[in-house]
Amino acid sequence: MPPVAMDTVTAMATGMNTAMAATMLTSRERLIQRGVGRGHELVAAGLLLISPLGWAQEAPAGPAQGSQLRARLNLSQTVTDNLELSSGNKDAALITVVSPGVTWSSRSGGLRGSVDYSLDGIAYTKTERGSRLQNALNANLSAELIDRRLFVDVRATVGQQSQSAFGPQTTTPELNAVNSREVGTLSTSPYLVGQLGGWASYELRGNFSRTETRGSSLGDNRSAGGSARLSSAGAGPLSAWLLLSTQRSASPEARSTQNDSLSVGLGYRPDTDVQLGVNLGRERNDYLTGAQAANGVTVGVSANWTPSPRTSLNGSWQRHDYGNSHSLGFEHRMARSVWRYSDSRSLNLGNVGTNGGVRTNYDQYYLLFASLEPDPVKRDALVRAYLQQLGISPDAPIANGFLSAGPTRLTSQQLAVTLQEQRGSLTALVGRTVTGRVGDNAGVGDLASSAQIEQRSYSLTAAYQLTPLTSLSLSAARQETDGDGAAQSTQLTSYSLNLSTRFGQRLSGQLGGRRSRSTGLQAYNENAVFANLTQQF
1 MPPVAMDTVT
11 AMATGMNTAM
21 AATMLTSRER
31 LIQRGVGRGH
41 ELVAAGLLLI
51 SPLGWAQEAP
61 AGPAQGSQLR
71 ARLNLSQTVT
81 DNLELSSGNK
91 DAALITVVSP
101 GVTWSSRSGG
111 LRGSVDYSLD
121 GIAYTKTERG
131 SRLQNALNAN
141 LSAELIDRRL
151 FVDVRATVGQ
161 QSQSAFGPQT
171 TTPELNAVNS
181 REVGTLSTSP
191 YLVGQLGGWA
201 SYELRGNFSR
211 TETRGSSLGD
221 NRSAGGSARL
231 SSAGAGPLSA
241 WLLLSTQRSA
251 SPEARSTQND
261 SLSVGLGYRP
271 DTDVQLGVNL
281 GRERNDYLTG
291 AQAANGVTVG
301 VSANWTPSPR
311 TSLNGSWQRH
321 DYGNSHSLGF
331 EHRMARSVWR
341 YSDSRSLNLG
351 NVGTNGGVRT
361 NYDQYYLLFA
371 SLEPDPVKRD
381 ALVRAYLQQL
391 GISPDAPIAN
401 GFLSAGPTRL
411 TSQQLAVTLQ
421 EQRGSLTALV
431 GRTVTGRVGD
441 NAGVGDLASS
451 AQIEQRSYSL
461 TAAYQLTPLT
471 SLSLSAARQE
481 TDGDGAAQST
491 QLTSYSLNLS
501 TRFGQRLSGQ
511 LGGRRSRSTG
521 LQAYNENAVF
531 ANLTQQF
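Going by full-length UniProt numbering, the sequence shown opens with residue 1, and the numbers climb by one from there.
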């Protein structure tokens, strides 16, 4: 199936000439000179603590509230002793990657958000494998079309994903050409807001999403829906809302699904730090069986507690005929550490990888830094600068996921901790995802042979600032996948060492090595050394 959505997303990114996001401040004195308020001082101090760039050479600062556009060029050279990821047919090769990229960001005006796009040209030497191209895109935009009335949110991603959870797995997408597919997702959500006198506000929203997989129809999905929400106005502790929604989803590899719901809810805020909610409604869907839609009652509760700007705790539970859902989140930021935990169970209507099955380094650190920097544009710049200083690819997968279609039940737990000392940091990430069939859905891909697939990921990264311009990082990671059958099991363990340095304000480089060992269905050992050079423009 032609990757229409992916081409649309890529064209959008190229047309916007995206470039690097806002440069974060790199000295405490500069923050003091700019006279930030007390609340901003807390965030700024956290930025300095969490990132080794706090001791790095300062880069030129751009406009604080305007848009920024910056281009970059990355050159990478890798020598590997096992290009084919095979236990017996090893193929030593030289891999050259040329990656031009651009990042655009804006925190003011009618268009806000960030877009990062890169095109990787991969050439293989001393092997018969041909060269290829792959795209990487992460876009999150919000446009104000009519002043304070009409808006549209756009979310677009393009990245590499494993086709099978039991196929060859790797920590770098340049190696795994056999079991890797390029997946693109484009989601748009226009919405209209307004007031009804002084007693209520309304929101009319549309939701449209499309996912395409290059070279395969497995994972392709289209969905469309809309909602109308009416909320009470006023500053009292009690609030009420009414929500009417509809959703349709279609995939070439699975049956179409639909869901219509009507619900009412009450909110109670006894204190500025506490918010409670309850809802009741009815829904009609065909998730369990495609023969006919079923009617059912849905009821739910929610609670949010924010005792301080550093700590938040939230949870929710919702009853459905097709299976209950829940979410639990905890975040706490101390002077030199950040702690984050999440637990959720939900229904997924499309490809598993677009809703938690795939988590890149960027995704994990973006979630980890949520309490440290709430502003999404600033957080994007912080995460990319942090990963660059450590020599870690933002697009490299932490959990590889797999292609799927149709309704699935997704259970996920994530634990992330980062500790910061004066010149060093330690980050630990633990994740678990369980994907299972729903109702009479026979499943496609891996779910056709296994009713449930469990994936676990662990990583530990230690970094130390050797000089104001040079840092050393050591990473250890492990990925585990298990299906229903005894033979459906894979494990991947990898270690990497990176030396990163900055040659100037816009030129940086990395030198490192890695060792990977895979056991189970696709066993192999791989060793590699690599060098990267990145020029910012």
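Idealized CB from N, CA, C, for every residue including glycine.
With burial defined as no fewer than 16 other Cβ atoms inside 10 Å of the residue's Cβ, what is the status of Ser-256: buried or exposed? Reading the sequence shown from its first residue, position 256 is the one you call residue 256. By the 10 Å Cβ count, Ser-256 comes out exposed.
Is the beta carbon of Val-264 closer than 8 Å to that of residue 541? Residue 541 cannot be examined here, being either before or after the span of the chain that is shown, 1 to 537.
Beta-bridge partners of Arg-214, as assigned by DSSP: Sequence index remark: in the sequence shown, residue 214 carries index 214 (1-based). Paired residue(s): none; Arg-214 is not in a bridge.
Cα-Cα, which of Leu-313, Leu-243 and Ser-473 is closest to Ser-261? Translated into positions along the sequence shown, residue 261 becomes position 261. Nearest C-alpha to Ser-261: Leu-243.
Just to confirm my understanding: we take Leu-195, look at its own chain, exclude 5 residues before and 5 after, and list those with CB closer than 6 Å. What are they? Along the sequence shown, one-based indexing puts residue 195 at 195. Checking the sequence, you will find Gln at residue 195 rather than Leu. Closer than 6 Å at Cβ, skipping near neighbours: Ser-201.
Short Cβ contact (8 Å threshold) for Val-152 with Asp-120: Position 152 of the sequence shown, counting from 1, holds the residue named residue 152. Position 120 of the sequence shown, counting from 1, holds the residue named residue 120. Not closer than 8 Å, so no.
Between the C-alpha atoms of Thr-461 and Lys-378, what's the straight-line distance to the nearest angstrom? As a first step, residue 461 is located in the sequence shown; it is residue number 461 there, counting from the start. As a first step, residue 378 is located in the sequence shown; it is residue number 378 there, counting from the start. Using only the alpha carbons, I get a separation of about 23 Å.
CB-CB length for Glu-144 against Gly-110, believed under 8 Å: Numbered from its first residue, the sequence shown carries residue 144 at position 144. Numbered from its first residue, the sequence shown carries residue 110 at position 110. Right, their Cβ atoms sit about 5 Å apart.
Since Glu-480 sits in a beta bridge, which residues does DSSP pair it with? Taking the first residue of the sequence shown as 1, we reach residue 480 at position 480. Note: Glu-480 sits in a beta bridge opposite Arg-456 and Gln-491.
Where the beta strand (DSSP E) containing Pro-173 begins and where it ends: Here the question's residue 173 lines up with position 173 in the sequence shown. Counting along the chain, Pro-173 falls outside any beta strand (DSSP E), and DSSP gives it neither H nor E.
Tell me which residue opens and which closes the alpha helix (DSSP H) that Leu-141 is part of. Translated into the one-based positions of the sequence shown, residue 141 becomes position 141. Counting along the chain, Leu-141 falls outside any alpha helix (DSSP H), though it belongs to the beta strand (DSSP E) covering 132-146.
Please list the segments of the alpha helix (DSSP H) lying wholly inside the segment 78-111, counting only runs of 4 or more residues, in order along the chain. none
If I measure Cβ to Cβ from Gly-130 and keep anything under 8 Å in the same chain, skipping five residues before and after, which residues do I get? Position 130 of the sequence shown, counted from the start, is the residue given in the question as residue 130. Contacts found: Tyr-124.
Flag this pair as yes or no: are the beta carbons of Leu-175 and Tyr-191 separated by less than 8 Å? Counting from 1 along the sequence shown, the entry for residue 175 is found at position 175. Counting from 1 along the sequence shown, the entry for residue 191 is found at position 191. For Leu-175 and Tyr-191, no; Cβs fall outside 8 Å.
What span of residues does the beta strand (DSSP E) with Tyr-268 cover, start to end? Taking the sequence shown and counting its residues from 1, the one referred to as residue 268 is at position 268. Note, Tyr-268: beta strand (DSSP E), 254-271.
Own chain residues within Cβ distance below 8 Å of Arg-148, not counting five before or after: In the sequence shown, residue 148 corresponds to position 148, counting from 1. Answer for Arg-148: Val-193, listed in chain order.
Report back the beta-carbon spacing between Gly-101 and Ala-254 to the nearest angstrom; my notes put them in contact at under 8 Å. One-based indexing of the sequence shown puts residue 101 at position 101. One-based indexing of the sequence shown puts residue 254 at position 254. With 8 Å as the limit, Gly-101 and Ala-254 do not qualify as a contact, their Cβ atoms being about 35 Å apart.
May I ask you to verify whether the segment 471-479 touches the segment 498-506, counting CB pairs closer than 8 Å and requiring at least 3? yes
Rounding to the nearest angstrom, what Cα-Cα distance links Arg-210 and Ser-187 in this structure? The count along the sequence shown starts at 1 and reaches residue 210 at position 210. The count along the sequence shown starts at 1 and reaches residue 187 at position 187. About 7 Å.
State the Cα-Cα distance for the pair Leu-466 and Arg-423, rounded to the nearest angstrom. Reading the sequence shown from its first residue, position 466 is the one you call residue 466. Reading the sequence shown from its first residue, position 423 is the one you call residue 423. Each residue's Cα considered, the two are about 8 Å apart.
So, helix, strand or coil for Asp-120, using DSSP? Residue numbering aside, residue 120 sits at position 120 when the sequence shown is read from its first letter. Note: Asp-120 maps to strand in three-state DSSP.
Less than 8 Å between CB atoms is the rule here; does Ser-187 satisfy it with respect to chain C? The chain labelled as chain C is not found in the depicted structure, where only one protein chain is given.
Take His-332 and list the residues in its own chain whose beta-carbon comes closer than 7 Å to its own, dropping the five residues that flank it on each side. Residue numbering aside, residue 332 sits at position 332 when the sequence shown is read from its first letter. Once the five neighbours on either side are set aside, the close Cβ partners of His-332 are Arg-310, Thr-311 and Trp-339.
Is it buried or exposed, residue 570, if we count other Cβ atoms within 10 angstroms and call 16 or more buried? No information on residue 570 is available, as it lies outside the stretch 1 to 537 that the chain covers here.
At which residues does the alpha helix (DSSP H) containing Gln-535 begin and terminate? Position 535 of the sequence shown holds residue 535. Here Gln-535 belongs to no alpha helix (DSSP H); instead the beta strand (DSSP E) covers 524-536.
Is it the case that the Cβ atoms of Asp-220 and Ser-251 are separated by a distance below 8 Å? For the purposes of this step, residue 220 is identified with residue 220 of the sequence shown, where counting begins at 1. For the purposes of this step, residue 251 is identified with residue 251 of the sequence shown, where counting begins at 1. Between Asp-220 and Ser-251, the C-beta spacing is below 8 Å.
When DSSP labels each residue in this structure, what does Gln-422 get in the three-state scheme? Here residue 422 refers to the residue found at position 422 when the sequence shown is read from its first residue. Three-state result, Gln-422: coil.
What are the residues that DSSP puts in a beta bridge with Trp-199? Your numbering for residue 199 matches position 199 in the sequence shown. According to DSSP, which records beta bridges pairwise, Trp-199 is partnered with nothing at all.
Would you call the segment 413-432 and the segment 484-492 touching, i.e. three or more CB-CB distances under 8 Å? no
What are the partner residues of Val-115, as DSSP defines its beta bridges? By 1-based counting over the sequence shown, the position of residue 115 is 115. DSSP lists Trp-104 and Ala-139 as partners of Val-115.
So which of Gln-318, Leu-511, Ser-308 and Asn-314 has the shortest CA-CA distance to Val-301? Indexing the sequence shown from 1 puts residue 301 at position 301. It is Gln-318 whose Cα lies nearest to the Cα of Val-301.
Would you mind sorting Ile-398 into buried or exposed? The rule is 16 or more other CB atoms within 10 Å of its CB. The sequence position of residue 398 within the sequence shown is 398, counting from 1. Result: buried.
Contact under 8 Å by Cβ, Ala-139 with Ala-156: Translated into the one-based positions of the sequence shown, residue 139 becomes position 139. Translated into the one-based positions of the sequence shown, residue 156 becomes position 156. Judged by beta-carbon spacing, Ala-156 lies within the 8 Å limit of Ala-139, meaning their Cβ atoms are closer than that value.
Determine whether the beta carbon atoms of Ala-476 and Tyr-464 lie at a separation below 8 Å. Within the sequence shown, residue 476 is the residue found at index 476, counting from 1. Within the sequence shown, residue 464 is the residue found at index 464, counting from 1. Taking 8 Å as the Cβ cut-off, Ala-476 and Tyr-464 do not qualify as a contacting pair.
Which same chain residues end up closer than 7 Å to Asn-179 when comparing Cβ atoms and leaving out the 5 residues on each side of it in sequence? Reading the sequence shown from its first residue, position 179 is the one you call residue 179. Hits under 7 Å: Ser-162, Gln-163, Ser-164, Gly-167 and Pro-168.
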